[in-house]
Each structure stands twice: as C-alpha cells, then as structure tokens.
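Data block below; observations after.
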Amino acid sequence: IGYDTLGHCFFLEDGIEQRNTFYHNLGLLTQPGTLLPTDRNETLCTSIRDNVHKSYIPSPSTECKAVSTFWIANPNNNLISNAAAGSQDAGIWFVFHRSSTGDSHGLVPETRAELTPLGIFYNNRVHSNFKAGLFIDKGVKTTKANAADPREYLCLDNTARFRPHQNSDPTRPRVTAVIDTLISFKNNDLGAWIRGGDIIIQNSGFADNAVGLSFASDGSYPKDEGSSQEVTQSLFVGESQNRGTNGGQNKYWGVGGTDGRMRTLPRNRTFPIRGFQIYDGPVRLTQSTFRGFVPTPERNTSAVGFNLKNTWQLTPRNNLSQLSFHPTATLRAFFGRPGQWFEENDLDGDKNSIFHDVDGSVSGYRDTYVGRADNYLIQHPNCVQMPRWNGVTCSGRYSQVFIQTQGAPSLSLSISRDDYPAAPLVLRGINSQGASSQQYQPVLMMSKSYTLHWNGPAPREVVLSLINFDKDDWVLVGLCYPPDATFQIMGDINDRQRNIFDDITDYGTVSSLAELKARQTERKYFFDQNVGLLWFYLRARHGRDGHSYCSTKGCERVKVTSTTSSKQTCNCTRTAYPKYSKKPSAVVPMPAPNRQPCNDCGAQQFVFSSEPWTSYLLTQVKSVSVKEQQRGDNASFITVNEVTMSFSQPGFFLVSVDACSGKVNRKYFSAKMDSKMEEYLRSGMPRPSIVLMGTRGQPEGLADLAAHLVSFSLAKAADLTNKESLAMWGLLGGSSSPPWVSLQAGQGDDVLGLQERYLPLALESYGCPPPAPQTRKDLELLRKATGLQ
Numbered sequence: 001i002g003y004d005t006l007g008h009c010f011f012l013e014d015g016i017e018q019r020n021t022f023y024h025n026l027g028l029l030t031q032p033g034t035l036l037p038t039d040r041n042e043t044l045c046t047s048i049r050d051n052v053h054k055s056y057i058p059s060p061s062t063e064c065k066a067v068s069t070f071w072i073a074n075p076n077n078n079l080i081s082n083a084a085a086g087s088q089d090a091g092i093w094f095v096f097h098r099s100s101t102g103d104s105h106g107l108v109p110e111t112r113a114e115l116t117p118l119g120i121f122y123n124n125r126v127h128s129n130f131k132a133g134l135f136i137d138k139g140v141k142t143t144k145a146n147a148a149d150p151r152e153y154l155c156l157d158n159t160a161r162f163r164p165h166q167n168s169d170p171t172r173p174r175v176t177a178v179i180d181t182l183i184s185f186k187n188n189d190l191g192a193w194i195r196g197g198d199i200i201i202q203n204s205g206f207a208d209n210a211v212g213l214s215f216a217s218d219g220s221y222p223k224d225e226g227s228s229q230e231v232t233q234s235l236f237v238g239e240s241q242n243r244g245t246n247g248g249q250n251k252y253w254g255v256g257g258t259d260g261r262m263r264t265l266p267r268n269r270t271f272p273i274r275g276f277q278i279y280d281g282p283v284r285l286t287q288s289t290f291r292g293f294v295p296t297p298e299r300n301t302s303a304v305g306f307n308l309k310n311t312w313q314l315t316p317r318n319n320l321s322q323l324s325f326h327p328t329a330t331l332r333a334f335f336g337r338p339g340q341w342f343e344e345n346d347l348d349g350d351k352n353s354i355f356h357d358v359d360g361s362v363s364g365y366r367d368t369y370v371g372r373a374d375n376y377l378i379q380h381p382n383c384v385q386m387p388r389w390n391g392v393t394c395s396g397r398y399s400q401v402f403i404q405t406q407g408a409p410s411l412s413l414s415i416s417r418d419d420y421p422a423a424p425l426v427l428r429g430i431n432s433q434g435a436s437s438q439q440y441q442p443v444l445m446m447s448k449s450y451t452l453h454w455n456g457p458a459p460r461e462v463v464l465s466l467i468n469f470d471k472d473d474w475v476l477v478g479l480c481y482p483p484d485a486t487f488q489i490m491g492d493i494n495d496r497q498r499n500i501f502d503d504i505t506d507y508g509t510v511s512s513l514a515e516l517k518a519r520q521t522e523r524k525y526f527f528d529q530n531v532g533l534l535w536f537y538l539r540a541r542h543g544r545d546g547h548s549y550c551s552t553k554g555c556e557r558v559k560v561t562s563t564t565s566s567k568q569t570c571n572c573t574r575t576a577y578p579k580y581s582k583k584p585s586a587v588v589p590m591p592a593p594n595r596q597p598c599n600d601c602g603a604q605q606f607v608f609s610s611e612p613w614t615s616y617l618l619t620q621v622k623s624v625s626v627k628e629q630q631r632g633d634n635a636s637f638i639t640v641n642e643v644t645m646s647f648s649q650p651g652f653f654l655v656s657v658d659a660c661s662g663k664v665n666r667k668y669f670s671a672k673m674d675s676k677m678e679e680y681l682r683s684g685m686p687r688p689s690i691v692l693m694g695t696r697g698q699p700e701g702l703a704d705l706a707a708h709l710v711s712f713s714l715a716k717a718a719d720l721t722n723k724e725s726l727a728m729w730g731l732l733g734g735s736s737s738p739p740w741v742s743l744q745a746g747q748g749d750d751v752l753g754l755q756e757r758y759l760p761l762a763l764e765s766y767g768c769p770p771p772a773p774q775t776r777k778d779l780e781l782l783r784k785a786t787g788l789q
C-alpha cells in the first residue's frame, strides 16, 4: 500500500526498467511533490526554477502537473489487479523515454520505449483521480536545459508516440497493446486518455467520469501508418446510482440528468459529460453498452461526443457498431453547439466531425455516416436530420483531402460543393496564423465536384493529398486563381515512411471541362479563365491496406504551382455559380431505417468489477406512491436480470431469487399486511433467497411490516410510520448480513424512483455450496509474468 505520498508513488523512473510485475497493490492520495517537474503542481512548477535556463518560466500544463500513483516509464512491465485512487493528476501513467535517464543513462542499451510492446495489463482499477484514471501518452525531456530549449531536464514532453512493434523495430509487424478489464470511475476529467496504436481496450467499465474514454493518434497523419485503436465489450455509464456526497473534495454538486436528484459532478455543473470521445482516428467502438447519459438544461450529456474545440483531423473511418443504448442513454451522440465549453464550435475539427455508423445501431440507419448538421459537403437531399444531436445521417462514400499551402499562411479556405454552392465550409487551417505553411483537412463526399476559394491572394503552391481514398475513388476540384495565372501541375506518390517521391508525372491541359470529364482517368487539367477556376480530378490509382491513410504505394498527391502578378482576392464564387451549380443528389441511396432489434449489440457482461470471477445479479425495484401516481408516474415493477415483473394493483409485491443460481423461485402479491402475508414472510420462501420487495399506492399495514423484515438480514426494525413507499433488498438465510441489504422508504416529495442494485451470487456466506475450483485469470497471468507456480 502506498498512501499519501509526495510525488509519484509506485515509480519506474529511468525508462529502462522492464519485466517488473505490480500485483494487487493499492495507491491512495498521491500528492504533488518537489523533486521532479512531473511531480509538481502549478505553484511548485513556476516557483522551483533552479534547473531551467536563465529566467525561463515553465508552463505548468505542458511541463508539470503529472504526478501519478503508478508512473511507468517503459511499457514492458506488468500491472495486474492494482488500484489507484485519489491522485492529484493520474492513477496510472505510461510515459515514454526517447533515451534512458538518471543514473541509468549510458549504462545499458537503449530500450526504445515508444516502440516497445506493452506488458500484461489486466484488472486494474482507477478512480477519484483529478486528471485521468489511465493516461498513455507523452514523454519526458531527456536533455539538459539550454538556450535552444530552456525547459528543465525530465519535464513533461509531447513528442513521444506509443507505437509498439516486434523487437521494438518499426520495420517489423505491430504488436497490439491490450488493456483488459480496466475499471475507471469518478475521475474528474478523463477515465482514460490513450494515444498510439495498435491498442485494444476490452471488458472494461467507465462510469461517472467527465469523459469516459478518449483515444488519440495525431492531428494529421498517424505516426504509425496503418495503426488503429479499438474498444470492445465495454460499459459506459454517464451518471450511476453512486451519487456521492456534498463537500470535501467534491467541488461540484448539482442535479443529475437520470433521476433529477442531487449528485457530485465532474469538472463543472455545466460540463458536457461524454462516454466515448471521438478524436483523430482511426478508432473502432463495438459491442459496448451505454447507460445514464441524460442531458439537462445546463449540461449537454451524451453517450458519444467529440473532443472540444478541435483543430485537427477526424477521419470518416472512425467506425461505431453493435452498440446498445439503455433507455437512460437518451442523447446518443452530440456534435456541440456554440456556448460554454464549445465556444463558437467553429474550429476545423469541430466542423468536420463525423463517424461511420456501420450497422445503424447509433442512428438507426445501416452503413451511414453521421456528421455536423451544418456541413453540406457531406449531405444530400435524403439525409435524415438529427436536430437533438445537431447532426445529420447520410449515405455515401467519404474520404479526406489534406490541402497544404505555401506562400500564403494566414488564409481561410472556403469549400463549396456544386450541389450546395450557397453553403460553403470555411476552414482556418491547423497551423497558427503566420506560420510558413498551412494545412486544411476537410472530409468530402466522393464522386462529387467542389470549388475552393480564398479570402486573399491564392497561395503560390498548393499540394492536395488523397487521404483514406480507396482505389478509383474520385472528386473533381476547381481552385480559384486570377485570369493571368499560369500553372505547373504534377502528380506524385509520397512514401512518408522513407521520405521518397515516386511516379512523378506532369499534368497536361485540355480545352474544356467536358473534355476533362471525358478523360478523367488521365492526368489533365482545365483552366476556365473567364470564371477563374482551375479544374482537375483527384482520383486514387492504388488501393489502401487496412487502416492506412494512404495507398500501398504511398500518399497520392497533386501539386499545383502558380505564377501570377495579381494580388486580387481569389474568391470565384460569384462567377462560378450558377454556371457550375448542380442539382443535389445522393451517390449512394439512403437505406431504410432498421426495423429489427439488434440481438448482438452491447457488451455481453452487464457488471464490470475488479473481481471478474464473481457472478452478479442485476436487480431493479420501482415502487410508486399515491402522490407519484397523481403526478402521472404509474410504473411499478421488479426486474431481475432484465426480466421485468410488473404489478398494477395497490399493495406489496415480493420476488425471491435463489441466492446461489440467480433464478426467480417465488413471486407473491398482497394488497395488505395480513396474516397470510405474515405467514408467507415467515415460511413461504426457500433458503437461501435474495428477497426483493416493492410497493404501489399506500398499502394497508405498511407501518406494521417493519418487525417482519428483520428476518431478511436487516439490522433492526425500521420506523415506517407515515412512510408512503418501500423498496427492499434482503437475504433470507446466510451466516451474516451482506453489505447490499437495504430498506429504502419514500415520503412526501422524497420519492424513491427507480432503485437499482447489482448483487453478488453464490457466496458461501449465503449458505451456498463451495464453488468448484475456478480459473482465476489474474493468478494465471501472474504466473505467466513471474514464471512462478
């Protein structure tokens, strides 16, 4: 146990530590320290400056503020059945050293941590951390402070990218990093932030975090070409029944969306809670379940959302499939709106937000793409508007074009699709204003034509790269230039891994757009001087492999170099339209809505715990008082493992469940507490049984019931005077009272609502027979990691 430490708690520091195993450790309340920049909080970061260059002032958010309960500087280590709670920054942080540091530097061969496969990661719990439960990203600075880089040695650094390969060799096949059974809850910001690839998260649970899970790759091209990230067989809960308490470290206390009751909230009462955050890509989210995502008037809570204020690319190859949304996940996806947290919601990545709904389990339409409602580059007349999402669901084929410019760094790019010329998409670019070059990264519908315009003189050089194009995908583009412009246009293939160019071919001219269309497979262009549009095709001549952004040969590109004496603003919209306007149409027909429920959707498990070898029983009790009925709430039922048993008459309803097998063995209803019910409570149910009770209306004899409930492992007889509704979880039999036994009572405006409990099954303390010897995966993995039997 590590408790209340200053600085990193369980600490692998130098980047060369490998093959260590952390098994069944607990770390609590990891506090900021002073020794290393990554230990320090904001105040210590800027006040301890002995090792920076001259008068340099560190940036706390990018160089410090990383103190963690488990600080792992090399991925080739094993974490099995650990818990990390209450850290000032992160519960578990994997950080990547470019070279060894500290006393180890120069003593051993370099390990290339960024390329090293992940060890065993199984059954770890992270909760109540301020920044993140699990964080896999970033490195540390491995050089001393100097004039060129005044930051302190070992401060946090953002250049590392985790990309595991066999033998830490980028030329050899990738090795998938597997995060298995991560339980992450009540983290103030991120349940998990994971950058790199290939990575799979499976059998994991995320609850009550500001953002459950966010993957990241890179803002432009992924560092490891062809890599991807996946989450499968996992559960996301926005607001659980664990409402917390007001006070202490719980800074924000507000109304919950799922039940309208007061609860602790992450980040802020108004923060837009998201279960899965789509960012960069390519990512796959599949066979997972969402519960408890209900927006409120002050908080846009959604099951699926996007990184806020996003400048970077979002690939349409981000795939969602086989997802299950509980009735309490009322906002499945949200694309943001101008206002708090989203600001203007108008950065390039915000505008290009999109995902592929592979089977329609999100939108209800199979093989469609869901994007921003105001992005007409991706739409057609048959798209389905999703106003609550600020989204639109469309059929089609979609890819990206990365447009890089030289010679005009501060321009905005306006892209119009000829189907919708009155609704252009305006992009600022991903680089800061004044940079030597700029890059724009729009998502485009394939087999359509577009015109590109600038808010100043046209750039001297424009390079258009085909991103995520499949073979024979195409778009027709017209770039705006002055009438006196002359051009050199060539196509090539850029092998980014080896930094070489191949298949360099000049484009020739044709005399009309009609001729260009007739010869679209050739490398030709047409310049309409009267309008000012330079037309040519972007067509993929090679196929892609897997998740690669570029073709198997490299990134296919078209480079335009222009010469002109004009300084005019190159926006040709007025002359281009209506000449080049087209009637909006769909390239791919919109599918019919899904009619059948998806039986294979969602996670197979409904309970995710740090004891995965224990079976659980899902129970719900929904009692309803007279006052609730007068308000229009008429539902009263008991649910066991998603089988709902309703009761519609005033009275008491009891369901008993075999505590060993989880099967319902008795159901009993009584309109009042009488001798028959007394006899049933005394001898009508077998032992050992889990006993559930709900009420409807205000049944006669409710106050007299208390003494008869003590036999169900309640500590004492409750005072039920003037109570109006009851919900009970009891155990009949057993050697001791389990912690889940409870009796809830409603009175006046303090109504019970839907009560839900997950109860462990088949425990020996219930009187169940000892279980057959079980295969404990954690112990098997421990033996594998250590070689011990």
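Start counting the sequence shown at 1; every next residue gets the next number (full-length UniProt numbering). Yeah, the Cβ is synthetic: ideal placement off N, Cα and C, and Gly gets one too.
From residue i to residue j, what distance separates their C-alpha atoms?
i	j	result
SER87	ARG40	12 angstroms
SER646	THR296	29 angstroms
THR171	ILE16	22 angstroms
CYS45	ASP4	20 angstroms
SER683	GLN649	24 angstroms
TYR525	PHE487	10 angstroms
LEU154	PRO578	60 angstroms
CYS68	LEU190	A small correction: the amino acid at residue 68 is Ser; Cys does not occupy that position in the sequence shown. Approximately 14 angstroms, taken between the alpha carbons.
PRO739	THR311	49 angstroms
ASP224	ILE136	16 angstroms
PHE185	SER736	29 angstroms
ALA132	LEU347	25 angstroms
ARG243	SER128	13 angstroms
ALA423	THR552	35 angstroms
VAL384	ASP374	13 angstroms
GLN287	MET490	45 angstroms
ASN571	SER511	23 angstroms
PRO612	VAL741	21 angstroms
ALA207	ALA514	57 angstroms
VAL426	GLU13	46 angstroms
residue 809	TYR507	Outside the shown range of the chain, which is 1 to 789, sits residue 809, and nothing can be said about it.
My output table needs one value for residue i: the three-state DSSP class, helix, strand or coil.
i	result
LYS223	coil
VAL401	strand
ASP506	strand
TYR616	strand
GLY391	strand
CYS768	coil
GLU230	strand
ASN146	coil
So residue i and residue j are supposed to be a Cβ contact under 8 angstroms. How far apart are they, rounded?
i	j	result
ASN124	ASN188	No, ASN124 and ASN188 are not in contact; Cβ-Cβ is about 19 angstroms, not under 8 angstroms.
ALA73	VAL108	Contact flag wrong, Cβ pair sits at about 13 angstroms.
ASN665	SER656	6 angstroms
LEU752	SER623	5 angstroms
TRP253	THR264	6 angstroms
ASN78	GLY27	The pair is not a contact, with the Cβ atoms about 16 angstroms apart (cut-off 8 angstroms).
For residue i, which residues in the same chain have their Cβ closer than 8 angstroms to its Cβ, ignoring the five residues on either side in sequence?
i	result
PRO769	CYS660
Give me, in chain order, the residues of the same chain whose beta-carbon lies closer than 7 angstroms to that of residue i; leave out the 5 immediate sequence neighbours on both sides.
i	result
ASN722	GLN747
THR159	GLY139
In chain order, what residues of the same chain lie with their CB nearer than 6 angstroms to the CB of residue i, ignoring the 5 residues before and after it?
i	result
ALA113	GLY15, ASN74, PHE96 and HIS97
SER324	THR289, CYS601 and GLY602
TYR680	TYR668
ASP350	ASN310
VAL358	ASN319 and SER321
GLY396	MET445, VAL587 and VAL588
SER414	PRO424, VAL426 and HIS453
Beta strand (DSSP E) runs contained entirely in the stretch 630-680, provided each spans 3 or more residues | 637-640, 643-646, 651-658 and 664-670
Whole runs of the alpha helix (DSSP H) within the stretch 431-487, excluding any shorter than 4 residues = none
Residue ranges of each beta strand (DSSP E) within the stretch 677-722, 3 or longer = 689-696
Ignoring anything shorter than 3 residues or poking outside the stretch 287-352, list the beta strand (DSSP E) runs there in chain order.
-> 302-306 and 319-325
Length-filtered (4 minimum) alpha helix (DSSP H) runs lying within the stretch 556-599 | 573-576
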